[in-house]
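Just remember that the numbering used here sits 83 ahead of the position in the sequence shown, which is counted from 1. We treat Cβ as the ideally placed atom computed from N, Cα and C, and that holds for glycine.
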Amino acid sequence: MLDAFSRAVVGADAKGACLGSADLASLRQHVADANIRIDATNAIAQHISCIAADAVSGMVCENTGMTQPGGNCYPTRRMAACLRDGEIILRYVSYALLAGDASVLDDRCLNGLKETYDALGVPIKNAVRAVEIMKAATVAIITDTNSGPSAFQGISGNGSDCQGIAAEAASYFDRVISSLS
């Protein structure tokens, strides 16, 4: 797993050069966003079970046959496996968001995930739909665009300050979706 600093150093070293001004500007921005990045990761961690449960529930509501005998969320142990997988994906997205690098997500979560789901007979379109729901919920929490009371009061700055971090989180979910597709 590389964080933003390690990635910059490895990239410069591969070129046989010192860190350039673009690298330093990127690192400066990473440091400037550190509090928002930490708060966003904390918000995901605080809501991880709820986000995963809502995503799986949404997926099941759109495909009611999944909870019937013979469906992929029947019996309850399969439903529990869906919830567990959703939480694992969210956890690795939060790790990537904190590090500012997707390598931990790729190496420890996505590597072989589609093949595993195919071997287990998990419908990919349903898994993708659950990830899309998790993406929407996570972006809403980070930018605080949920209706009603504030979902998470501790994020530094306001919703507009969090747009860049929310877009980064969304890109990690897009990475999960593309690896499953």
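Exposure label - residue i; buried when at least 16 CB within 10 Å
i, result
"G183", "buried"
"L203", "exposed"
"T226", "buried"
"L107", "exposed"
"A234", "Caution applies to A234, whose pLDDT of 48 falls short of 50 and renders its modelled position unreliable; the value that the coordinates give is listed next. Classification of A234: buried, given that the 10 Å Cβ count is 16 or more."
Between the CA atoms of residue j and residue i - distance to the nearest angstrom
i, j, result
"K197", "A213", "14 Å"
"A223", "Q112", "23 Å"
"A250", "A123", "12 Å"
Proximity to residue i [Cα-Cα], best of the options
i, options, result
"L173", "R161, K98, A136", "A136"
"K208", "A250, N155, I248, G99", "N155"
"C133", "I248, L166, E215, L193", "L166"
"Y175", "N125, M142, M162", "N125"
"S261", "C245, V211, K218", "V211"
"V114", "V205, C101, L181", "L181"
"D190", "M142, R160, R258", "R258"
"T221", "M149, P152, E170", "E170"
"P206", "V139, C101, Y255, A117", "V139"
"E215", "F256, G99, L188, G148", "F256"
"L263", "D96, C192, H130", "C192"
Endpoints, alpha helix (DSSP H) assigned at residue i
i, result
"L180", "159-182"
"N209", "207-226"
"S109", "104-115"
"T150", "Note, T150: premise wrong, no alpha helix (DSSP H); not H, not E."
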